[in-house]
């Protein structure tokens with residue numbers, strides 16, 4: 183029997199998505215019974231690694247592109263440009279490929295070869311920014327490229343309100359529908375999009391909510407010798423809307439990753455380990471309640487990382503940005 | 014005395030030290046004590062009487078901006094960490 187052409191589509195496909203873009207979001211929530219420090223506090227994990235390209239960034243990539251399309255700011259033939267060596271690039275590559283845009287990612291020259299390779303396989307072009315300028319340097323480099331060449335459209339996750347909107351409409355709304363009570367929301371602090379968007383939405387349903395950020399404590403080599411004037415606070419991040427903001431060491435993050443694996447069989451990324459570390463700490467402070475941890479991605483992209491077998495985790499990790 | 018950790022960015026203004034000790038019961042007092050001993054640090058850490066925009070200050074691992082700011086209490090055995098504000102998420 184000859185399969186139908188895609189244009190005629192005579193078969194009903196009620197259970198099939200029309201593209202991966204329809205599968206973004208609606209991620210599962212699972213209780214971490216073995217990780218909760220006390221029975222009276224329920225700890226939950228929102229498994230964002232189950233998005234189609236493997237991370238929470240699918241939500242914002244889709245939202246930023248579709249918002250720009252709807253506003254007429256992004257037309258066929260334009261090239262997407264974003265400073266990213268990680269999940270945002272992979273998510274934008276997925277969206278760009280399905281929708282037919284090109285994508286250029288700006289990343290520090292010392293980003294891992296794996297990440298670069300994956301982005302190239304997904305069709306992205308790579309532009310390197312100086313390694314010693316780190317993430318801030320990649321941001322500044324991309325901003326200059328976008329200014330100089332009108333062909334580029336830069337979603338720019340750090341300043342794009344659609345990033346916050348994706349988490350308000352998606353992540354936050356989903357959690358509000360999945361639980362009858364939330365006392366604490368914990369997410370990793372990168373752009374601030376998850377914390378701002380999901381935090382605002384959940385606060386509407388649970389007014390006493392504590393919004394807590396898990397933030398990486400960077401090693402000295404990552405901080406480098408950049409001047410404070412090169413500092414950067416993402417425009418979408420309003421620290422005043424955070425109730426807690428806690429530093430997490432690389433060693434604590436890895437301990438969290440290991441605890442998730444060993445006690446709940448969840449294979450998560452480094453930032454998820456940090457989020458669970460903070461989630462358990464804040465759970466310990468509660469007499470009773472519900473703590474939700476947003477786990478941004480799975481552990482696959484970190485398999486070749488040096489920390490799994492390292493005796494000194496901090497030393498093994500201090501030269502790189504992990505999330 | 015409180016231990017104050019100085020990021021690489023600010024060490025040239027603190028005689029190259031990785032950490033210094035300082036006295037005070039609040040973050041503000043501790044940092045003023047540091048600034049008195051290392052005057053070049055004052056203009057880097059403070060801006061219009063508050064913490065400069067691109068400096069983050071942590072007590073017990075928590076950002077003082079989500080606590081009581083410069084009035085955040087500091088225990089004797091506490092560590093105050095200074096960090097430059099950096100873009101996160103590029104690695105994600």
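Residue numbers (the working numbering), protein chains in the order written: chain A, 183 to 505; chain B, 14 to 105.
Quick reminder that beta carbons are idealized off the backbone N, C-alpha and C, glycines included.
Can you confirm whether residue 104(B), when its beta carbon is compared against all beta carbons of chain A, has any partner nearer than 8 Å?
Summary for residue 104(B): the model assigns pLDDT 44, below 50, so the residue's position carries little reliability; its value from the coordinates is reported in the next sentence. Chain A contact via Cβ: present.
Mind pulling the chain B residues with CB within less than 8 Å of residue 413(A)?
66, 67, 68, 97, 98 and 99
Going by the beta-carbon positions, is the gap between residue 437(A) and residue 481(A) smaller than 8 Å?
no
Neighbouring residues, chain A, relative to residue 30(B) (Cβ below 9 Å):
Correct list: empty, because the minimum Cβ distance to chain A is about 13 Å.
How would you call residue 220(A), buried or exposed, if buried means at least 16 neighbouring beta carbons within 10 angstroms?
exposed
Given a cut-off of 8 Å on the beta-carbon distance, is the pair residue 171(A) and residue 245(A) in contact?
Residue 171(A) is absent from the model: chain A starts at 183 and stops at 505.
Contact set between residue 220(A) and chain B, taken where Cβ atoms lie within less than 8 Å:
Those within 8 Å of residue 220(A) in chain B number zero; the least Cβ separation is about 21 Å.
In whole angstroms, give me the CA-to-CA distance for residue 104(B) and residue 394(A).
Residue placement at residue 104(B) is poorly supported in this model, since its pLDDT is 44, which falls under 50; the coordinates still yield a value, given next. Looking at the two C-alpha atoms, the distance is approximately 21 Å.
When you compare only the Cα positions, how much space is there between residue 351(A) and residue 343(A)?
12 Å
Please report how far the alpha carbon of residue 40(B) lies from the alpha carbon of residue 390(A), in whole angstroms.
27 Å
Leaving out the 5 sequence neighbours to the left and right, which residues in its chain are closer than 6 Å to residue 346(A) when beta-carbon positions are compared?
375, 378, 379 and 418
For residue 99(B), tell me which candidate among 20(B), 15(B), 14(B) and 16(B) has the shortest Cα-Cα distance.
20(B)
Under 7 Å Cβ-Cβ, which residues of chain A neighbour residue 74(B)?
428 and 429
If you drop the 5 nearest sequence neighbours on each side, which residues of the same chain put their C-beta closer than 7 Å to that of residue 155(A)?
Chain A is shown only over 183 to 505; residue 155(A) falls outside these bounds and no answer can be derived.
Run through the region 415-442 of chain A for me and flag every whole beta strand (DSSP E) of 3 or more residues, listed as ranges in chain order.
426-430
Closer than 9 Å by beta-carbon distance: list the chain B residues that pair up with residue 485(A), in chain order.
Those within 9 Å of residue 485(A) in chain B number zero; the least Cβ separation is about 16 Å.
In or out: residue 223(A) buried (at least 16 other Cβ within 10 Å) or exposed?
buried
Close beta carbons around residue 388(A), own chain, < 6 Å, minus the five adjacent residues each side:
364
Beta carbon proximity, residue 400(A) to chain B, threshold 8 Å
yes
What alpha helix (DSSP H) runs, 4 residues minimum, are completely inside the region 23-66 of chain B?
40-50 and 52-58
Could you check whether the Cβ of residue 50(B) sits closer than 8 Å to any Cβ belonging to chain A?
no
C-alpha gap between residue 225(A) and residue 453(A), whole angstroms
17 Å
By how many angstroms is the C-alpha of residue 211(A) removed from the C-alpha of residue 82(B)?
35 Å
With a cut-off of 8 Å, does the C-beta of residue 22(B) fall near any C-beta of chain A?
yes
Assuming residue 317(A) is part of the alpha helix (DSSP H), what are its boundary residues?
316-330
Integer Cβ distance of residue 429(A) from residue 58(B), believed to fall under 8 Å
Between residue 58(B) and residue 429(A) the Cβ distance is about 18 Å, and since that is not below 8 Å, they are no contact.
Pair every Cβ in the region 489-500 of chain A with every Cβ in the region 457-465 of chain A, then say whether three or more of these pairs are closer than 8 Å.
no
Who does residue 471(A) pair with in a DSSP beta bridge?
223(A)
So, for residue 468(A): in the same chain, excluding its five sequence neighbours on each side, which residues have a beta-carbon less than 6 Å away from its beta-carbon?
223
Quick check: what's the CA-CA separation for residue 49(B) versus residue 27(B)?
11 Å
Between which two residues does the beta strand (DSSP E) holding residue 272(A) run?
It is not in any beta strand (DSSP E) - residue 272(A) instead sits in the alpha helix (DSSP H) that spans 269-281.
Rounded to the nearest angstrom, what separates residue 102(B) and residue 45(B) at their Cα positions?
In this prediction, residue 102(B) has a pLDDT of 44, which is less than 50 and means its spatial position is unreliable; nothing more can be read from the coordinates.
Whole-angstrom distance between residue 497(A) and residue 15(B), CA atom to CA atom:
25 Å
Sub-8 Å separation of residue 477(A) and residue 207(A) beta-carbons:
no
Cβ neighbour criterion (16 or more within 10 Å) applied to residue 63(B)
exposed
By the three-class DSSP mapping on this structure, what secondary structure does residue 69(B) have?
strand
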